[in-house]
Ligand code: NAI
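Numbering (the numbering used here), first residue to last: 1340 to 1691.
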């Protein structure tokens, strides 16, 4: 079978990370094109990754050899006959149009979260894909591919601990840019735990309350940070989430599941503990690329393998839509200071 020829749209932090991943670590795929309005950035990335780097490529073991084209307009990249599948890593506001173009050209796509910026446009994407009669969209909720989260899911699904009753989640970043406002904490950060709760409970979220405790004094833009969300599942189970994006220390993501006969915690970061100079401890990852590098590798490899079989293997457009609906309600809860019911279409009515 031929290598999957991948085009990446948006080569900022996440897109560049995926580009390097496809070139250096993913088998069965080749990066053939990138697109970004920041042309110098796209050119520099394409040039650096087109150059043979290291022994693997000299022996032909890696898939990175061959020139990577820079295509100015993302819609042209999607339409390009030499591009078999697309990774969208542009900012969220650009996703809806680019996803629709992927569907129009029947191109499989791994779209970074959020699927789109609001519930309505997410639903339009779900409906357009459904009309094609084939799942082409996978959403980049990479926690599902993290070995620790996957082990937790397996444990909970095994029933060994009885029914799962509660989830306690912590999601902290070292810092974020000044442009990261209160709503973005919901739509761009909390959205990951929204997906985790839906996935681990295998249930929809019926109601969300986002509390804004007294904010840290270390952000100048007035963002409500940290936030504390309570997600009420349709079945009655509850998940809570602390999101704190200017934690200063490093990147930290934890999840504790409390079940009838026990609890299970992941994300303790107890990798290597060292003792020196009268102290003991370990390393706190700088950011998500360090913490979830393996998850991204597994996510993209499984997406490539599934795409070559004509399938998806991960969170679907529906999962992206459901998360968008919960985040829309979450932003309303934050603004109005009250619990908000999640409004979303019935799955059976949309997908039959
Ligand atoms: P970024 O700002 O570093 O990069 C975005 C890039 O897209 C920039 O190079 C920009 O020039 C380009 N761009 C702007 N408008 C565009 C358009 N209309 N079409 C194509 N490219 C365009 O942002 P970052 O952090 O890389 O985020 C990109 C996406 O990845 C977002 O959807 C974000 O939510 C998601 N993300 C996902 C993470 C995860 O853990 N799964 C972590 C970080 C980001």
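Yeah, the Cβ is synthetic: ideal placement off N, Cα and C, and Gly gets one too.
Quantities reported herein were computed from a predicted structural model and do not represent experimental measurements.
Pull up the distance between the alpha-carbon of residue i and that of residue j, whole angstroms please.
| i | j | result |
| --- | --- | --- |
| residue 1520 | residue 1586 | 15 angstroms |
| residue 1403 | residue 1384 | Since pLDDT at residue 1403 reaches only 44, below the 50 mark, its modelled position is unreliable, and the value read off the structure follows with that caveat. Whole-angstrom Cα-Cα distance: 12 angstroms. |
| residue 1659 | residue 1526 | 11 angstroms |
| residue 1413 | residue 1662 | 25 angstroms |
| residue 1468 | residue 1635 | 24 angstroms |
| residue 1395 | residue 1640 | Below a pLDDT of 50, predicted positions are generally treated as unreliable, and residue 1395, at 39, falls in that range; no measurement from the model is reported. |
| residue 1591 | residue 1691 | 39 angstroms |
| residue 1508 | residue 1645 | 30 angstroms |
| residue 1533 | residue 1447 | 24 angstroms |
| residue 1393 | residue 1624 | Confidence is the limiting factor: at residue 1393 the pLDDT is only 47, short of 50, which leaves the residue's position unreliable, though a coordinate-based value still follows. Going from the Cα of residue 1393 to the Cα of residue 1624 covers about 27 angstroms. |
| residue 1401 | residue 1345 | In this prediction, residue 1401 scores a pLDDT of 42, lower than 50, which makes its location untrustworthy; no coordinate-derived value is stated. |
| residue 1474 | residue 1461 | 15 angstroms |
| residue 1668 | residue 1458 | 9 angstroms |
| residue 1595 | residue 1379 | 44 angstroms |
| residue 1443 | residue 1553 | 47 angstroms |
| residue 1441 | residue 1347 | 12 angstroms |
| residue 1362 | residue 1387 | 11 angstroms |
| residue 1675 | residue 1513 | 28 angstroms |
| residue 1445 | residue 1651 | 13 angstroms |
| residue 1619 | residue 1555 | 28 angstroms |
| residue 1510 | residue 1564 | 12 angstroms |
| residue 1684 | residue 1600 | 35 angstroms |
On the DSSP bridge list, what partners appear for residue i?
| i | result |
| --- | --- |
| residue 1579 | 1507, 1569 |
| residue 1348 | 1374, 1427 |
| residue 1591 | 1511 |
| residue 1409 | 1373 |
| residue 1695 | The requested residue 1695 does not occur in the structure, where the chain is confined to residues 1340 to 1691. |
| residue 1616 | DSSP, once it has assigned bridges, lists no residue as partnering residue 1616. |
| residue 1604 | 1595 |
| residue 1655 | 1477 |
| residue 1629 | According to DSSP, residue 1629 bridges with nothing at all. |
| residue 1343 | 1368 |
Is the CB-CB distance between residue i and residue j below 7 angstroms?
| i | j | result |
| --- | --- | --- |
| residue 1389 | residue 1406 | yes |
| residue 1451 | residue 1479 | yes |
| residue 1375 | residue 1349 | yes |
| residue 1605 | residue 1570 | no |
| residue 1643 | residue 1664 | no |
| residue 1496 | residue 1560 | no |
| residue 1531 | residue 1426 | no |
| residue 1484 | residue 1638 | yes |
| residue 1578 | residue 1506 | yes |
| residue 1576 | residue 1500 | no |
| residue 1566 | residue 1588 | no |
| residue 1542 | residue 1574 | yes |
| residue 1673 | residue 1580 | no |
| residue 1621 | residue 1607 | no |
| residue 1438 | residue 1465 | no |
| residue 1409 | residue 1381 | yes |
| residue 1515 | residue 1584 | yes |
| residue 1529 | residue 1568 | yes |
| residue 1424 | residue 1343 | yes |
Using 8 angstroms for Cβ pairs, my map puts residue i next to residue j. What's the rounded Cβ distance?
| i | j | result |
| --- | --- | --- |
| residue 1367 | residue 1647 | 6 angstroms |
| residue 1547 | residue 1679 | 6 angstroms |
| residue 1633 | residue 1453 | Contact doesn't hold; Cβ gap of about 23 angstroms is too wide. |
| residue 1481 | residue 1631 | 6 angstroms |
| residue 1476 | residue 1656 | 4 angstroms |
| residue 1504 | residue 1603 | 12 angstroms between Cβ atoms; not a contact. |
| residue 1572 | residue 1536 | 7 angstroms |
Whole beta strand (DSSP E) elements within the segment 1505 to 1562, 3-residue minimum: 1544 to 1550
Secondary structure, alpha helix (DSSP H): runs of 4+ residues fully inside the segment 1420 to 1457: 1434 to 1443
Unbroken stretches of the beta strand (DSSP E), 3 residues or longer, contained in the segment 1475 to 1504: 1476 to 1478
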